[in-house]
Every structure is written in structure tokens, then in C-alpha cells.
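Worksheet: the structure to be examined is printed underneath.
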């Protein structure tokens, strides 16, 4: 994908449209400083997806838009289009059929961005994916700037690894791995949320399953009872019909006889009636006493029942005590098991300690051997260096002697001619002396100023490095804090989402309440403004009062709070129409909350719950409605002591443990239905989590801001450090030049002074000098011969030492392998010991938990014993009251006997008066009695028939007369059917409360649970697939990175000596065992220098080393194009030539774009662009085809 064309408009200094066409080979971009050459590099980076304004030399992204000049106003948009040639290599499949690939990016001053590929809109990610693995991109090795050249050498080893990764083509695999890891994190969060929901639903399903099975059994039993009852009722109805007909006929006959006799006994009847009135008064007295006796019997029975309940409670307490004791025994067994396992782990750790000691001892011995070999190797190196230094001294000495001989010969030849030149040289010496003296003064001042500046820069450089170290340390700490905050925020958001999802579905609410809330407050539609929520939603309850408030309100917590009565009636009708159950409503607008006047002395033992619980908007008076007459007391004993007084005032008492003493004399205790408890805690947790998420988000935003600010500060310090370092190095070079110049001119000054004083010497001195020259030449000749002989001897000694050192290197490598193996074994043992220590810590935590549980069970046993003791005392008190009641009953029996005796006396009187009456009624009495009996039987029969019909109608909404024929032909059921019917009813009674809606509700919840379970399976499967994909990517990444590294290293070892004309260099991995994260170190030894840190190299050496590495990569995997921005700036003339030759040699592999000021580099380009600013602030381009011009 070579560059065919780059179109720029409105980008930085390119206000007018500019089109740059690039051909194969080398294209040069030249121009004066500040003309906009580097803006071409920025434009290329920007269109390929660069998102950092700092990397584009700006403060914010809008800075890339042309901001105006002296003669032009700012533009509102920047646009860059890059046209690439489609060569079919490394091109995504969707673009393979295009001849060219055109990438466009626009940015408007409003902040909006547009991205296009082949004129079709796309995402930024599509553009970055297009260049992944091709060696082309914003951070790839295809774009090398002057500042980045030094960074390649001086950057951290982990950062340097990115260049190798791009060459290996694994950046796209890293991008895929990062995307897979993000998907894994999201999948794990979804899995946790679904797991939370399914766990909550599992509890509800289990409950609904039992309720549904119970409801189905109930319906089956009710159907069987219905059939039996209808069968029995039909046959009973036929019997009653026959009996009614017979009694009706008998009644008519007897009525005729009674009418005839009544007239005769009318007067006698009045007398008898008067007597009977007196007798009834006596009977009433007997009835009153008998009623008192009956009430006494009832009280005795109630007391006996109370004793029975007390005994049952004592048995329950004993059972709880036994269960707690059994649990305590089980926990003791667990503690013993944990203690045993911990001892085993301790023994394993002791064994490992012994093993690691042996390994470490062997490691120490091997390391000592290695150190000895290293010492011997260092001795060899020092010996070789000393011999070479000495060899160099003799070579220098020989060269110096030879040079001296030659100089002496020339001097001897010149002495004869000096007489002629003495006069002229004396005049010239005076002039040169004055000029040199003035020059020395100037250079001395410049040298002093330069040294002062160098010292200042050195001190500032040290300050910056100290500050950088401190800033990076703080930056790492801030980053750790930020990551911790991010993890906490994810956990809190996940938990909040799970709880809110459960709360929004109102799963813990009754069916009717859930139906009302889902209709009134739907998620995706407009909510009913007259419905405020549930009571639990609108109360702010302190955590320690959640239990007493839930106990006091119970199902009222699930009541729907509405604004007016019409809204309540509307939703009540809706529930009835839809058969969705029932719901309670609180109407805020219609009534005033009940007021409570609490006496002053109540404050000693009670607190109004209303003082602790507040209402939330808009239901300001809700708390007063539901808790206005409820008092909070410490415990049940206090409540019991004041209960009667509270009942008189209509107040409710509730203890902190949830016992409620109602105003109507009802006491509520025990454990509430799970659906009615925990609501307040759930609402509180949602509020707390919401607050926590907001706080964590704010903290995370602050951490991000601090990190960004510190990153900018560090970048500025690094930039200042690089500028100071460059200036420091330049000053050092300049100071050396000044010192050399000063030394030279001082010598000249001295020479000129000597010329002035010595030019008057006579011929005798010249003759003496000639003789001295002859003697000195003889001595130098001897010195030259001796130095050559010693030089050759030392050269042979160096060769022998180097051969011995080669053998020692083999021993060193073998011993180093042994040391490395031992270190790995010691590390494995340490890891095993750490795992055992973590297991011990886990067992210690389990031991503490079981001990805590055991202590709690012990307290529970004591509480059960106290409860049983209290119940026993209560039973004794009831027994005492029974004895007292029996005495009262006995007194009533005595009184009844006395009244009965008076009644018998009065009865005798009545009977005497009735004897006459009976004589007159003897004729009619029998008939009247018989008639009465017949009438009663007839009435009972008719009532029985009506009751039977009504009972069937009430029970089954069925008219009995309509189904009589269905059962008329069936045989009559016997007594066993009645007994079976009784057993069926008893079975239903024992079943207790039945939730008939549980069947449909169970199937609905079970269906959703199965759906979520399948989702969990899908998520788990997706997680496994992602892990497999990441493992495969890691394998491919390791393989490709290792292959690319070795290939690049091999080329680097060949390219470096070519560019440096000698020396050696190589690459090394910081951790060869971890190919995914290992850094890459550069080792370089320029010719004539010792191997040292690349950080100590000069700027030119660093640049040439970095260029060697880049060219080594190009020989392995050339990118389609390469842009070099003033890379040759730090190089001297000779190195620029070698650099240009190398670029020329590999230009057949890639398209090169070179921005340069160097003429030697310009000589090798094939095409040249000149960037100018004819109009201030506006960049223009001029193209020259160098090949065509040369041909012309």
C-alpha cells in the first residue's frame, strides 16, 4: 500500500488545497525552517488515526485547523485525504477489489469529526484496523522523526518492543487480544449480574413450586369434595321433598280439629298464661346463673388451652436447644478437621524449607563458581586491554620517532635557508603576535561564558531528572489508585444494576402490587404522576430501625402510595378486571394524618418512631400516616408493662427485635414472610450504592484529571530535558573546540614571542643546532627500532590471551546455565511454600468463623433454656388461676341449686293452676301438640331444603335444582362417603393458606429462570471461547515475535558495522522466558570504543544506531512506505553519506519520503518537493522531478 497522493486543505499552515503526488523510489521534501515541512508528517499521522494532539504538536485537536494569518482569517474545517495504491498485500478483504484505497479525515471547529474510506463513512477504528500489521500507522516504524530516533535508543526496553511487534505483524493480534479481554470483562460482569438474578429467582421458584404443588392438590381435593357433596345433596333434597309433602297434608287435617276446640278453652288459656309468666321469671334467674357457670367453664377451658400451648412452646425451645447442641458438635468436628489439615500444611512448609535450603546452598555454590569464572574472565579482559594499550603506546612511540626523524631531516634542510627568511619572519612575527593576543582574549571570554552556561545546564538537567523521577513515582502511585478506583466502581455498578433490576420488577411484592406498579410506572412509557411508589420506597429508615419498622408495618410496606382516591379506585378496578390479585393503597390528599399526643412520662421508656423515620418527596406526610401512633421501646418486658396503658390511648408498641403490641390487644412476633422483609434494607442498599457509585466516579474522574495533568507535566520535563541535553552536548563540543583553539593560539603566541627574541641569533647557534639535529636523529632511529620490536611481541601475546579467553567463555556459559536452572527450582519451591501459606491463612479464617458460630450457638442454647424456664413459670401462674376459677364456679353451682328449689316451688303452684286448664284442654292438647310437631317438622324440612340449595349455591355458584337429574339415577352414598368427605375437609384444613395464583406464577417465573439459565450457559461458553481465542493469539504472538526478533537481530549485527565502518551491536531480550511482555535491549560498541550504555553515546551515534535498527527491520519486513523527518540532522558529513547510500539501497523495497536540510541526502532523491511560504503563514509546495532534470 504505497502512497500515491496526499491532499491537504485547512490543515495547520496549509490553508489552500495542496496535492502531493508520490512516486516510487525516494521523494525529498526540503525548505527553510518554519515553512511547514513537518506539517506534512503531522497530516499523514492525523489521517491515519492519530488521536493525541500532543503528538501532533498541539494543545487540543482543534489546533490542527488553520487558525489564520496576518492576511487571512481562520478556517472552520481541516481535511486530509490519503490515496494508497492497492498492491494486494496486507489489504483487508473488503477493500481487495479496489484499485486504490482512499482514506479521508475531517475535523470541524465545533469538534465534530468525519472519517471515510473510499468516500464511504466509517469509524476511526476501521481506519486504524486498515493499517494494523502492515508496518504503517501512527506508532509504527514507517514514520521516523528526529526526536523519535533518539527515543528508539534511549526509551525503555518495553517501549522499544513495539517496533519489533509492528515488524512481526502482531499489532493486529494485540488489538484482537485487547478487544477479547474487554469482551471477557463485560461477559464476566453480565455473568455476575445474571447469577445474582438467578440466585434470587431460585429462592422464589422453590417457594412457588411448593405453593403450586399445594394449590394443585387443593384444587383436586376441592373437586372431589364437590362431587361427593353434590351427590349427597341431590339425594337429600329428594328425601326432603317427599317428607315435606307428607307433613303438609297432615298439618292441614290437624288445623281443622284445632280450630274447633280453641274457642272453648280461650278463657282458661288466659289464666294459665298468667301463671306461666311468673314461672318464666324464675326460669330467667336460673338461666342467668347457668350463663355465669358457662362463662366460668369457658375461662377454665381457655386456661387449660393456654397451659397446653405453653407446654408445646417448652418442647419447641428444648428442640431448638438440642438442634443448637448438635450443630455445636458438628462445628467442633469441623474445627478439629481444620486444625489437622493446618498441621499437615505446617509440616509441608517445614519440608519445603529444608528443600529450599538445600537448593539455595547449591545455588550459592554454583554462583560462587560462576563469579570465579567471571573474575578470571575480567582479568583476561583487563590483561588484553592493558596489552593493547601498551601495544598502542609502542606503536605511537614508533610513529612518533619516525615522524620526529622526518621532521629533523626537514629542519636540517631548512636551517640553511633560515638566514634569508629571518628578517621577513621577524616583521611577520610582530604582526601575528598582536593578532593572536587579541584572538586569545576573545576566545578566553567565550570559553568562560560557555563553561558557566554548561554548569548551569548541568545543574538544571540534574534538577529536571530528580523532578522527573519524583513525578514518575507519584504518577505510578496515582495510576495504582486509579486502577483500584476503577475496579471498585465496576463492582459497585454491577451490584447496583443487579439490585435495581430485581427491585424494578417488584419480584418480592404480591401479584396485585406488582401489577399496579408495572402499569403505573412502566420502564419505557410515561409514568402516572398520581402514583408515587410503594411505602417502602418513600420512607428513609435508619439501618438499626429497619427490623422494628418492618415488623410494625408488615404488608403496609407493600402498599401503593397515590395522590387521590380516584387513582386508588382506578387501579383497584384494573386489578379486578384483569384478575391480578389485590393491593393496598394510601391516599395522601383526602385525609389528615392521625395526631398522637404522648404523655411526658412516656419519654422515659418509649420513643415515637415518627421522630426517627422521615418521608421522602412528594409524600411528605406518609411517615405520619403509617407510623403516627407507633412507639419504639427497648424490649418486650417494657412493652408488656405498658401495653394496657398504650391500648387505652390507641397506641402501638414495637420492640427493636420486631415484637409488636397492637392497640387492639393483639401481639405479633416470630419471623415474617420473606416477601415482606428486607425491603427497607434493599432500598437502603440501592441508595447507598448510588451514592457510592457517584462518589467513586467523581474520585475516578479526579484521578484521570490528575494523571493527565501529571502526564503533561512529565512530557514537558522530558522535552526540556532533551533540549537541555542537546544544548549541553553542543556546548561540550564547542568548549572542546574553544580549548583546542585557545591552546593552538597560545602556542602560536609563544612561538611568535620566541621568533621575536631568537631571530637575532647568529650563525654559531645555527651550526650548533645542526650538530644537535644529527645526534637527535641517531637517538630517534634507535628508539624507532626498539618500539617496533616490542609492538610485534605484544601483538602475539594478545592473540594468545584472546584464545585462552575463548575457552573460558565456554566454561562461563555452561556454569551460567546451571545457575539459571537452580534459580528456577528455588523459585518453584518458594511459590509452593506461598501457596501452602495461603491455604493455612484460609484454614485459620475458617477456624475463626466456626468458633464464632459455636459461640453464637452456645448463646442460643442459653436463650432457649431461659425461654423454657419463663414458660414454665407462666404455666404455674395459669394453674393457680384455674384453682381460683374452680372455687368461683362451685359458689355459682350452690347459688343455682338454691334458685332451682324456688323454681320448683313456683312450678308446683303453676301445675296446680294448670290442672283445671288441662282438664279443659285434654281434648285439644293432644291435637295441638301433634299439630305443632307436624308444623315444626314441616318448617325444618323446608329450611333444610332452602339451606341445602343456598349452601350449594354459595359454595359452587351452582343451582342444586339444575343438577338433580344428573345424580338421581346414581345409587345413594353410604356412611363411608361421609367419613371420606370429613377426611378430605380435614386434609384441606391442615394445608393452611393456599395461593391459587402460584401455579401460573410458578410457570411464568420458571420460564424466565430457564431463559436466564440458558443465558448463563451461553455466557460461560462465550467466556471459554474467548479464553481459547486469547490463548491462540498468545501462541501466534510469541512465535511471530520470536522469529522477527531473531531475524532483525541478525540483520542489526550486519547493518551496524556497515554504517559505523566497524564496531559491533546486537539486540537482547530482558526476559526470554516471557515472549509476550519481554523488553528489548540494544547493545552497541562503535569502533575503537568499549562496550557501554547506549545512553552515553553522542547524539550522532544514537541516531546512527537507531537508523541501523530501522534499516534492519526494513530488510525483514519493509513497510509500503517510510517517512524520515530530518533523521540525518545529528549526523556528520561522512555518516550522512553512508546513511544516504543505505536509503538508496533499500528504496527498491519501500517508498521513501525524506524531509531534510542536508545536500548529501538531497543528491540521492528521485523526486523533490520544496515547501515555501510566499505568503506569510501559508505553506505552498513546488515539485521537481530530479531524474528528468538530470536527464535534461
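Residue numbers (my numbering): 38 to 1229.
For each residue, glycine too, the CB sits at the ideal point set by N, CA and C.
Which partner residues of residue i appear in the DSSP bridge assignment?
{"i": "residue 42", "result": "58, 120"}
{"i": "residue 1218", "result": "1208"}
{"i": "residue 705", "result": "697"}
{"i": "residue 1102", "result": "1121"}
{"i": "residue 145", "result": "114"}
{"i": "residue 157", "result": "154"}
{"i": "residue 1190", "result": "64, 1160"}
Cβ of residue i within 8 Å of Cβ of residue j?
{"i": "residue 52", "j": "residue 1067", "result": "no"}
{"i": "residue 157", "j": "residue 137", "result": "no"}
{"i": "residue 49", "j": "residue 76", "result": "yes"}
{"i": "residue 768", "j": "residue 1139", "result": "no"}
{"i": "residue 1109", "j": "residue 1100", "result": "no"}
{"i": "residue 224", "j": "residue 1056", "result": "yes"}
{"i": "residue 117", "j": "residue 84", "result": "yes"}
{"i": "residue 168", "j": "residue 1190", "result": "no"}
{"i": "residue 691", "j": "residue 669", "result": "yes"}
{"i": "residue 584", "j": "residue 695", "result": "yes"}
{"i": "residue 932", "j": "residue 326", "result": "yes"}
{"i": "residue 743", "j": "residue 515", "result": "yes"}
{"i": "residue 873", "j": "residue 372", "result": "no"}
Return helix, strand or coil for residue i, following the three-state DSSP convention.
{"i": "residue 577", "result": "strand"}
{"i": "residue 1112", "result": "coil"}
{"i": "residue 713", "result": "No answer about residue 713 holds up, because its pLDDT of 46 lies below 50 and its placement is not dependable."}
{"i": "residue 52", "result": "coil"}
{"i": "residue 1213", "result": "coil"}
{"i": "residue 359", "result": "helix"}
{"i": "residue 519", "result": "helix"}
{"i": "residue 1239", "result": "What is shown of the chain runs 38 to 1229, which leaves residue 1239 out entirely."}
{"i": "residue 1227", "result": "Residue placement at residue 1227 is poorly supported in this model, since its pLDDT is 44, which falls under 50; the coordinates are not used for a value here."}
{"i": "residue 47", "result": "coil"}
{"i": "residue 181", "result": "strand"}
{"i": "residue 644", "result": "strand"}
{"i": "residue 971", "result": "helix"}
{"i": "residue 1203", "result": "coil"}
{"i": "residue 140", "result": "strand"}
Return the first residue and the last residue of the beta strand (DSSP E) that residue i is part of.
{"i": "residue 571", "result": "568–571"}
{"i": "residue 649", "result": "Careful: residue 649 lies outside any beta strand (DSSP E) and carries neither H nor E."}
{"i": "residue 622", "result": "622–624"}
{"i": "residue 599", "result": "597–599"}
{"i": "residue 670", "result": "667–670"}
{"i": "residue 689", "result": "689–692"}
Going by Cα to Cα distance, which pick from the options is closest to residue i?
{"i": "residue 1037", "options": "252, 1082, 59, 666", "result": "252"}
{"i": "residue 108", "options": "1210, 484, 844", "result": "1210"}
{"i": "residue 567", "options": "624, 328, 612", "result": "624"}
{"i": "residue 1185", "options": "1052, 1203, 642, 971", "result": "1203"}
{"i": "residue 336", "options": "1132, 922, 1019, 997", "result": "922"}
{"i": "residue 509", "options": "753, 370, 547", "result": "753"}
{"i": "residue 293", "options": "996, 967, 699, 1166", "result": "967"}
What first and last residue would you give for the alpha helix (DSSP H) that runs through residue i?
{"i": "residue 586", "result": "583–590"}
{"i": "residue 1168", "result": "Segment: none, residue 1168 is in no alpha helix (DSSP H) and carries neither H nor E."}
{"i": "residue 1078", "result": "1035–1097"}
{"i": "residue 150", "result": "No alpha helix (DSSP H) contains residue 150, which is instead part of the beta strand (DSSP E) from 150–154."}
{"i": "residue 1018", "result": "1012–1028"}
{"i": "residue 2", "result": "Nothing can be reported for residue 2, as the shown portion of the chain is limited to 38 through 1229."}
{"i": "residue 200", "result": "194–205"}
{"i": "residue 1152", "result": "1136–1153"}
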